[in-house]
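Student:
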Amino acid sequence: MTGEIDNPKAYPLADAQLTITILDLVQQAANYKQLKKGANEATKTLNRGISEFIVMAADTEPLEILLHLPLLAEDKNVPYVFVRSKQALGRACGVTRPVIACSVTTNEGSQLKSQIQQLKDAIEKLLI
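Okay, so the sequence shown: first residue is 1 according to UniProt numbering, each after it adds one.
Set out below in structure tokens:
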């Protein structure tokens with residue numbers, strides 16, 4: 001968490017507490033095979049209508065390579081949020097590489113359903 005100015009395009013940006021909650025749920029979603037990693041995969045889940053919410057990294061360079069996702073997410077009524085670090089997002093996704101975007105997907109019999117719903121509500125509050 002350096003003192004650099006956050007990119008104003010990376011909106012809404014999760015605060016430290018929400019970031020921990022998001023990354024924790026992303027990690028659990030990865031364990032339950034309910035996670036798609038990368039901007040392309042996230043785009044596909046949105047187009048197919050199976051995305052619960054989208055998480056993007058605010059320190060992506062250039063940020064423009066994932067700015068189509070918020071537009072698409074708004075069209076599909078899917079909440080989206082930025083976290084500060086692509087490195088942390090990658091670790092939460094269970095890979096050693098940085099991940100700039102990921103999508104938590106729907107699954108009817110999932111144990112994560114209530115946690116996903118709580119997080120979606122928290123993300124939607126940021127957008128208001």
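For each residue, glycine too, the CB sits at the ideal point set by N, CA and C.
Just to confirm, is the Cβ distance from residue 116 to residue 74 under 8 Å?
Tutor: Your numbering for residue 116 matches position 116 in the sequence shown. Your numbering for residue 74 matches position 74 in the sequence shown. No; because the gap between Cβ atoms is not below 8 Å, this pair is not in contact.
Student: Would you say the segment 8-21 touches the segment 33-48, given that touching needs at least three Cβ pairs under 8 Å?
Tutor: Too few Cβ pairs lie closer than 8 Å, so no.
Student: What does the alpha-carbon distance come out to for the pair residue 127 and residue 80?
Tutor: For the purposes of this step, residue 127 is identified with residue 127 of the sequence shown, where counting begins at 1. For the purposes of this step, residue 80 is identified with residue 80 of the sequence shown, where counting begins at 1. Rounded to whole angstroms, residue 127 to residue 80 spans 9 Å at the Cα level.
Student: My parser needs the alpha helix (DSSP H) runs of 4 or more residues fully inside the UniProt domain "Ribosomal protein eL8/eL30/eS12/Gadd45" (23-111); what are they?
Tutor: Listed in chain order, the complete alpha helix (DSSP H) runs (minimum 4 residues) inside the UniProt domain "Ribosomal protein eL8/eL30/eS12/Gadd45" (23-111) are 39-48, 68-75, 86-92.
Student: Go through its chain and collect everything with a Cβ distance to residue 77's Cβ below 7 Å, but skip five positions before and after it.
Tutor: On the sequence shown, residue 77 is found 77 positions in, with the first residue counted as 1. Counting only Cβ-Cβ distances below 7 Å, and skipping sequence neighbours, we find nothing.
Student: Report back the beta-carbon spacing between residue 83 and residue 14 to the nearest angstrom; my notes put them in contact at under 8 Å.
Tutor: Residue numbering aside, residue 83 sits at position 83 when the sequence shown is read from its first letter. Residue numbering aside, residue 14 sits at position 14 when the sequence shown is read from its first letter. With a Cβ gap of about 5 Å, residue 83 and residue 14 count as contacting.
Student: Taking 6 Å as the limit between beta carbons, can you name the residues of its chain near residue 107, skipping five residues before and five after?
Tutor: In the sequence shown, counting from the first residue as 1, residue 107 sits at position 107. Only 34 meet the Cβ criterion.
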